[in-house]
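Counting along the sequence shown from 1, when you hit position 37 you're at 37 in the numbering used here, and nothing is skipped either side.
The C-beta atom is built at its ideal place from N, Cα and C for all residues, glycine as well.
Predicted model, so just to flag it, every value in this text is computed and none were measured.
This report concerns only the one structure given below.
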Amino acid sequence: MSAMMAITTITLRTSTKRRLADYKWGDGTYDDVLNMLMDRVPLEDVSREQVREHYRRLKTFQGISKEEFKASVKARRKSDS
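Okay, here's the thing in structure tokens:
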């Protein structure tokens, strides 16, 4: 690992960590594994799926009026304090 590399922590399920470990080899790191996997899946493919999911959810979205929204925010603020 490079001395200049920043270290961060990510939360994974135990099963996900086990799956990632299957992709590790030699002295490779989880950073190496994640970068290898991300290099193989274009960001556009992931974005396309997210946009599809967004439009799917919009089909059943039930909006509320501005007044109802403001009232719900106000009520939530009261309950949080």
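Ranked by Cα distance from LEU34, the options ARG48, SER47, VAL51, ILE10 are led by ILE10. Straight through space, the alpha carbons of ASP39 and TRP25 are spaced by roughly 17 angstroms. Assignment of ARG77 by DSSP, reduced to helix, strand and coil, places it in the helix class. If you draw a straight line from the Cα of ARG56 to the Cα of ASP27, it comes to about 43 angstroms. Here the alpha carbon of GLU49 sits roughly 28 angstroms from the alpha carbon of THR29. The straight-line gap separating the alpha-carbon atoms of GLU68 and LYS17 is approximately 43 angstroms.
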